[in-house]
Structure formats: C-alpha cells, structure tokens
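Q: Structure in structure tokens, see below.
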Amino acid sequence: MTLRHLKTFVTVCQMENITKAAKALNLTQPAVTRTIQEIEKYYGVCLFERINRRLHITEAGKVFYTYALHIIDSFDQMEMGLRSWDEQGVIRVGSTITLGNSLLPKTLKRFRQEHPGVQIQATISNGRWLQQALLDNQLDIALIEGDIENGDLRRERIAQDKLVLILPPEDPRKDWEHLYIRDLADGPFLLREEGSMGRSLIDRVFAARKIPLHPLLESVSTQAIVRAVHEGLGISFLPVHLVQENIASGFVATRNIADQSFERENYIVWHRQKFLTGSAKALIKLAQAESYSDEAPKTQ
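Spelled out as structure tokens, the structure:
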C-alpha cells in the first residue's frame, strides 16, 4: 500500500467519479480503477458500490477515507516541518461569523507578528460547513460556537458568549418588568440561516418549549437582520459582540428573558487524527488567550 494508492482513493471519493478523478490525477481511467481494486483486494473490503452507473462509498470506504485523508496530511506536514522547521507553510483556519468578527482578527494579528513566515488562509462560514470541512481536511482548525457533536472532532473550550434578544426600538416589550419565552411566540422572527450555530441553539430552545418557528426572514448577514429589526419587521437573537453598539445607540432595543439563558460555549476545533505543527499549536494557544482577555460583557 503506497501513498499513491491513498491519494487516488481520496480523489475518487471527492470527485465521486472515476473519470473525473483520472483527469484530476492526470491518469487513465483504467489505471484509477485498477488502483481502487488493488486497495479492495489488499484489505479484503468493498470500498465502493456501483449502482445505476454511480459510485456510492460503503461504510468501510468511509472509514478508510478518514484515515487516508489524515495519513496524506501527516506526510505533507512532515515534509513541510522537516524542510522549513515549522516557520513556513500554510495554516488553514475557519471561523463562524460571530467569532470571525470578534476573536479571529485579533488572534491572527498577534500570530502574524510572532510567526511572520507562516501563511494563513482564513475562511468564514457557518458551523455546519466548518465541521464538514474539518472532517474532509479542507481546514486545519476552526473557531466554532455551540455544540460540536461529531466524535471525530476534538475541541478545546474558549470563552463563552451569549445571544441576546433584539427588538424594534418602539417595541413595548422592552419595558416589561418580566419577559418570558412564551411572550415571543408570535414573533415575527428574523433569524440566521439554517446551519449556523446560533440558529441551531434558537431552534433547540423553541422546540423544547413547543413553540413553532416560522421565520419571516433568514439571512447570513447579521447587519441585514439588525436593519430589519430596526425597521420593525420582527425580532431576533444575535451574539452580543455583534449588536452591542446597535443596542447602545438605540438602533435596536433589548431585554433579558426571565426563564431562558442563551449563553453558549465557544470552541477551537480540529480533527482528532490531525497532525498539528508547532505553529498550529501556537495559534490555538493564542486564540484561547485572546478569547479570555475579552469575554462578552453582560447585557441588561
């Protein structure tokens, strides 16, 4: 079994097509097919099922894919580490929008000062995409808020944050002595898109209270939601770091909810089989240090 076998298999998995994989690898289609057959014969397993002229990866194939990805990555990292002694190369960092607006810029600024030879490639997306990118080895580490459920991902806690309710400036509920979740049942709700970690938290909270959520607006843009709340189109829950200036200026209003906390954990996450270079470990430590130096303020 060689690195060539592993790279061929991974490419077929990612392309989901032998012809496309052969083109990407600059090989013939029979050569790629023969390589897959050699792996299957060597391990005595079926890696793909061929149904209706399409490839479908088997459960054994999924396990092999996970190992193959990180064996290849470990080899690449070994070469980079030995040749440049960890002060060159690339770290691929992902972040959710919330942490990408607050924690990530400060962390990367310090990291570049301390490790000027290391190139950073940063990607901002929602939590669902980031977790899949870590599993597919498209990212090395990611900053994600909320629950991380996949057992193949390792996480280390960074500072908490919280979501806050934001209301139109003239909404009478901002002056109520006590406000409960049931008082929000009629919305209308203006929420982040499905797949974002903040949206997942809101969905769980309202499902537990048996309150249906039918958003009037869904958006990847926090500022679009804030503007819509200001215009009186509905209410929302957004991270305090992203809306505290809008609240302080009176652009939107806020109110604590008596029977529900929206605090959540934040994590720095990577694949359990990921080989972390010294510079990647340094970036993790910087993210942890920066997060605890600037925890979210309390909102009344």
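Start counting at 1 in the sequence shown, then tack on 3, and there's your number in the working numbering.
A virtual CB, placed ideally from N, CA and C, is assigned to each residue, including glycine.
Just so it is clear, the structure is predicted and the values come from calculations on it, not from any experiment.
(1) Of the residues 40, 152, 167, which one's Cα is nearest the Cα of residue 263?
(2) Do residue 239 and residue 182 have their C-beta atoms closer together than 8 Å?
(3) In chain order, what residues of the same chain lie with their CB nearer than 6 Å to the CB of residue 278, ignoring the 5 residues before and after it?
(4) Name the DSSP beta bridge partners of residue 54, please?
(5) Going by DSSP in three states, residue 162 sits in which element: helix, strand or coil?
(6) Are the CB atoms of residue 286 and residue 151 within a distance shorter than 8 Å?
(7) Pairing CB atoms from the segment 243–261 with CB atoms from the segment 197–209, are three or more of them under 8 Å?
(8) Looking only at its own chain, which residues have a Cβ that is under 8 Å from the Cβ of residue 185, when we skip the five neighbours before and after it?
(9) For residue 242, which of 220, 100, 293, 142 has the nearest alpha-carbon?
(10) Going by the beta-carbon positions, is the gap between residue 39 and residue 12 smaller than 8 Å?
(11) Do residue 123 and residue 269 come within 8 Å of each other at the CB atom, strictly closer than that value?
(12) Since I believe residue 267 is in contact with residue 157 (beta carbons under 8 Å), could you give me their beta-carbon distance rounded to a whole number of angstroms?
(13) Does the segment 227–235 come within contact of the segment 126–141, defined as at least 3 CB pairs closer than 8 Å?
(14) To the nearest angstrom, how far is the alpha carbon of residue 88 from that of residue 172?
(15) If distances are taken between C-alpha atoms only, which option among 257, 105, 217, 58 comes closest to residue 174?
(16) Alpha carbon to alpha carbon, how far is residue 16 from residue 2? Give it in angstroms, no decimals.
A: Reading it off the structure:
(1) 167
(2) no
(3) 77, 80
(4) 57
(5) In the three-state reduction of the DSSP assignment, residue 162 falls in the strand class.
(6) no
(7) no
(8) Taking residue 185 as the centre and dropping the five residues before and after it, the same chain places the C-beta of 212, 214 closer than 8 Å to its C-beta, in chain order.
(9) 100
(10) Yes.
(11) Between residue 269 and residue 123, the gap from beta carbon to beta carbon reaches 8 Å or more.
(12) Contact flag wrong, Cβ pair sits at about 19 Å.
(13) no
(14) Unreliable placement is indicated for residue 88, whose pLDDT of 48 sits below 50; the coordinate value is still reported in the next sentence. Going by the C-alpha atoms only, they are around 56 Å apart.
(15) 257
(16) Nothing about residue 2 can be reported from this structure: the residues present for the chain run from 4 to 303 only.
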